[in-house]
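For reference, the structure discussed in these notes is given below.
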Amino acid sequence: MILVTGVAGFIGYHTAVRLLMDGYTVIGLDNMNDYYDVNLKRDRLESLKTRDNFIYYEADLHCRKKINDIFQNHNISKVINLAAQAGVRYSLQNPHTYIESNIVGYVNILEACRHHRIQHLIYASSSSVYGLNRKMPFAVTDNVDHPISLYAATKKANELMAHTYSHLYGIPTTGLRFFTVYGPWGRPDMAYFSFTKAILTGKPIQIFNHGNMRRDFTYIDDIVEGIIRLIPRLPKFNETGDCLDPDAGTSYAPYKVYNIGNNRPVRLLEFISILEEKLGVEAKKEFLPMQPGDVEETFADISELMNDVGFKPTTSLEEGLAKFVEWYRDYYKV
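Just so you know, numbering that gives the first Met the number 0 puts 116 at position 117 of the sequence shown, and the rest follows in order with no gaps.
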């Protein structure tokens with residue numbers, strides 16, 4: 000039995016679908032907040048509720064009693080924690096939301112894992128932790144002490160908190176630094192989603208940093224495949240670890256962090272060109288300066304994930320955007 004938090008969210012939904020198809024019993028948890036269209040979350044959830052091996056709870060992570068009750072009432076063996084307040088720019092206006100969800104809520108999950116002897120905690124981190132780093136590609140062995148948004152800082156904090164619990168209580172924890180995930184049922188606040196809506200309604204799209212951005216766009220099915228492969232791979236105590244010269248991505252504790260991305264950064268203008276092709280419409284473009292909290296480039300070194308579980312993304316940007324556009328037109332009837 001696996002607990003998936005943030006189950007009505009983009010990655011949580013797709014992860015739950017795959018787990019259910021693979022025969023797992025899934026306990027799903029979500030607070031259904033209105034950060035973006037709740038109707039989209041409800042529709043994701045309704046499709047999950049058609050499965051007999053799916054059990055759902057609506058709750059906030061920062062409600063400690065509710066979280067404890069869920070763990071108490073079910074024989075949960077593993078946890079995939081994908082619930083979080085997302086969004087870099089939103090964190091500039093609503094910092095307390097990030098502390099409540101990503102810090103207070105996260106420690107409630109850690110405490111529940113501790114007291115109920117969970118076999119493996121997999122949790123969402125983010126490529127945002129690399130902050131001001133300039134060495135490319137980003138590697139899990141790199142220092143990540145210079146975040147440039149509160150969102151990124153909370154994700155770095157999650158990794159530190161996980162390490163603490165792995166060390167103190169022997170809980171195997173695996174953190175996943177996601178790189179610009181896209182695909183059907185995606186998040187409306189993400190650029191590819193808002194671009195699509197604007198292009199189809201004849202409105203200009205806002206292109207920050209005058210288009211001088213590169214992102215490691217990663218299709219949702221590839222992300223889910225990586226998660227599934229990691230479920231049985233428990234981090235182990237690394238007795239050969241050097242505490243005097245530690246590896247930032249692993250530890251003497253049963254703790255591990257991976258990048259999970261496409262390993263192929265694409266220029267934003269190239270991305271837009273492919274999206275225009277799939278939509279059959281040319282975008283009206285408004286070029287703007289860089290936004291606070293943004294970075295110019297992301298590029299994932301996924302060698303450790305490839306070596307450990309054979310992860311290799313297989314979906315091209317052309318194929319992935321075609322699938323997204325097909326879903327978007329069907330879902331929104333355009």
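Glycine included, C-beta positions come from ideal geometry on N, C-alpha and C.
Quick caveat, the model's predicted, so the values are computed rather than measured.
Next item on the list: In angstroms with no decimal places, state the Cα-to-Cα distance between H209 and A190.
Entry: In the sequence shown, residue 209 corresponds to position 210, counting from 1. In the sequence shown, residue 190 corresponds to position 191, counting from 1. Each residue's alpha carbon lies about 14 angstroms from the other.
Next item on the list: With a threshold of 16 other CB atoms inside 10 Å of the CB of P253, please say whether the residue is buried or exposed.
Entry: By 1-based counting over the sequence shown, the position of residue 253 is 254. Counting the other CB atoms within 10 Å of its CB gives P253 a total of 16 or more, which places it among the buried residues.
Margin query: In this structure, how does DSSP classify Y55 when only helix, strand and coil are distinguished?
Written below: What you label residue 55 is simply residue 56 of the sequence shown in a count that begins at 1. Reduced to three states, the DSSP call for Y55 is strand.
Next item on the list: Could you tell me the distance, in whole angstroms, from the CA atom of K235 to the CA atom of E285?
Entry: Within the sequence shown, residue 235 is the residue found at index 236, counting from 1. Within the sequence shown, residue 285 is the residue found at index 286, counting from 1. The straight-line gap from Cα to Cα measures roughly 50 angstroms.
Next item on the list: Verify the contact flag: I170, CB atom, against every heavy atom of the ligand GDP, threshold strictly below 7 angstroms.
Entry: This structure simply doesn't include the ligand GDP, nor any ligand for that matter.
Margin query: Bridge partners for A7 per DSSP, in chain order?
Written below: Against the sequence shown, residue 7 aligns to sequence position 8. DSSP, once it has assigned bridges, lists no residue as partnering A7.
Item checked: Assigned exposure category for V3 - 16 Cβ within 10 Å defines buried -> The residue you call residue 3 lines up with position 4 of the sequence shown. Buried.
Next item on the list: Report yes if the C-beta distance between M0 and I117 is below 8 angstroms; otherwise report no.
Entry: Looking up residue 0 in the sequence shown gives position 1. Looking up residue 117 in the sequence shown gives position 118. For M0 and I117, no; Cβs fall outside 8 angstroms.
Note to self: Are the CB atoms of Y181 and G319 within a distance shorter than 8 angstroms?
What the structure shows: Counting from one through the sequence shown, the residue named residue 319 turns up at place 320. Counting from one through the sequence shown, the residue named residue 181 turns up at place 182. A contact, by the Cβ cut-off of 8 angstroms.
Item checked: Three-state secondary structure (DSSP) of T96 -> Within the sequence shown, numbered from 1, the residue matching residue 96 stands at position 97. T96: helix per DSSP, three-state reduction.
Checklist line | Contact check, I147 vs L81, beta carbons under 8 angstroms | finding: Walking along the sequence shown from the start, residue 147 turns up at place 148. Walking along the sequence shown from the start, residue 81 turns up at place 82. Against a cut-off of 8 angstroms, the Cβ pair of L81 and I147 comes out as no contact.
Margin query: For a quick check, are the C-beta atoms of F137 and D300 less than 8 angstroms apart?
Written below: Reading the sequence shown from its first residue, position 138 is the one you call residue 137. Reading the sequence shown from its first residue, position 301 is the one you call residue 300. Between F137 and D300, the C-beta spacing is below 8 angstroms.
Note to self: Please list the terminal residues of the continuous beta strand (DSSP E) segment that includes T195.
What the structure shows: Within the sequence shown, numbered from 1, the residue matching residue 195 stands at position 196. Looking at the DSSP string, T195 is not in any beta strand (DSSP E); the run it does join, the alpha helix (DSSP H), is 190-199.
Margin query: Below 8 angstroms on the Cβ atoms is my contact criterion, and I expect I69 with I121 to pass it. Report the Cβ-Cβ distance as a whole number of Å.
Written below: In the sequence shown, the residue the question calls residue 69 occupies position 70. In the sequence shown, the residue the question calls residue 121 occupies position 122. Actually they are not in contact, since the Cβ atoms of I69 and I121 sit about 17 angstroms apart, beyond 8 angstroms.
Check: In terms of residues, what are the limits of the beta strand (DSSP E) holding F323?
Finding: Counting from one through the sequence shown, the residue named residue 323 turns up at place 324. No beta strand (DSSP E) holds F323; the alpha helix (DSSP H) holding it covers 316-331.
Note to self: For E303 and T297, what's the separation of their Cα atoms in angstroms?
What the structure shows: Within the sequence shown, the letter at position 304 stands for residue 303. Within the sequence shown, the letter at position 298 stands for residue 297. Cα to Cα, the separation comes out at about 17 angstroms.
Note to self: Please give the ranges of any alpha helix (DSSP H) in the region 53-88, keeping only runs that are unbroken, at least 4 residues long and fully inside the region.
What the structure shows: 63-72
Next item on the list: Spell out the partners DSSP gives K28 in its beta bridges.
Entry: For this step, residue 28 is matched to residue 29 along the sequence shown. According to the sequence shown, residue 28 is Leu rather than Lys. DSSP lists T4, Y56 as the bridge partner or partners of L28.
Next item on the list: Can you check DSSP and say which residues form a bridge with I206?
Entry: For this step, residue 206 is matched to residue 207 along the sequence shown. The partner list for I206 (beta bridge, DSSP) reads F286.
Margin query: Less than 8 angstroms between the beta carbons of N261 and P183, yes or no?
Written below: Position 262 of the sequence shown, counting from 1, holds the residue named residue 261. Position 184 of the sequence shown, counting from 1, holds the residue named residue 183. No, these two residues do not count as a Cβ contact at 8 angstroms.
Check: Alpha carbon to alpha carbon, how far is Q205 from D307?
Finding: Taking the sequence shown and counting its residues from 1, the one referred to as residue 205 is at position 206. Taking the sequence shown and counting its residues from 1, the one referred to as residue 307 is at position 308. Rounded to whole angstroms, the separation of the alpha carbons of D307 and Q205 is 39 angstroms.
Notebook entry, point to check: K154: which of P264, G86, D59 sits nearest, CA to CA?
Noted result: The sequence position of residue 154 within the sequence shown is 155, counting from 1. The shortest Cα separation from K154 among P264, G86, D59 belongs to G86.
Next item on the list: State buried or exposed for K134, treating a residue as buried only when at least 16 other CB atoms are found within 10 Å of its CB.
Entry: Here residue 134 refers to the residue found at position 135 when the sequence shown is read from its first residue. That one is exposed.
Notebook entry, point to check: Is G225 helix, strand or coil by DSSP?
Noted result: Taking the sequence shown and counting its residues from 1, one reaches residue 225 at position 226. Helix, per DSSP.
Next item on the list: Would you mind giving the Cβ-Cβ distance between V223 and H13, rounded to the nearest angstrom? I have them listed as a contact below 8 angstroms.
Entry: Looking up residue 223 in the sequence shown gives position 224. Looking up residue 13 in the sequence shown gives position 14. Going by Cβ atoms, the distance from V223 to H13 rounds to 5 angstroms, so yes, they are a contact pair.
Checklist line | Cα-Cα separation, E99 to Y105 | finding: The residue given as residue 99 occupies position 100 in the sequence shown. The residue given as residue 105 occupies position 106 in the sequence shown. Those two C-alpha atoms are separated by around 9 angstroms.
Next item on the list: State buried or exposed for L28, treating a residue as buried only when at least 16 other CB atoms are found within 10 Å of its CB.
Entry: Here residue 28 refers to the residue found at position 29 when the sequence shown is read from its first residue. L28 is buried by the Cβ-count criterion.
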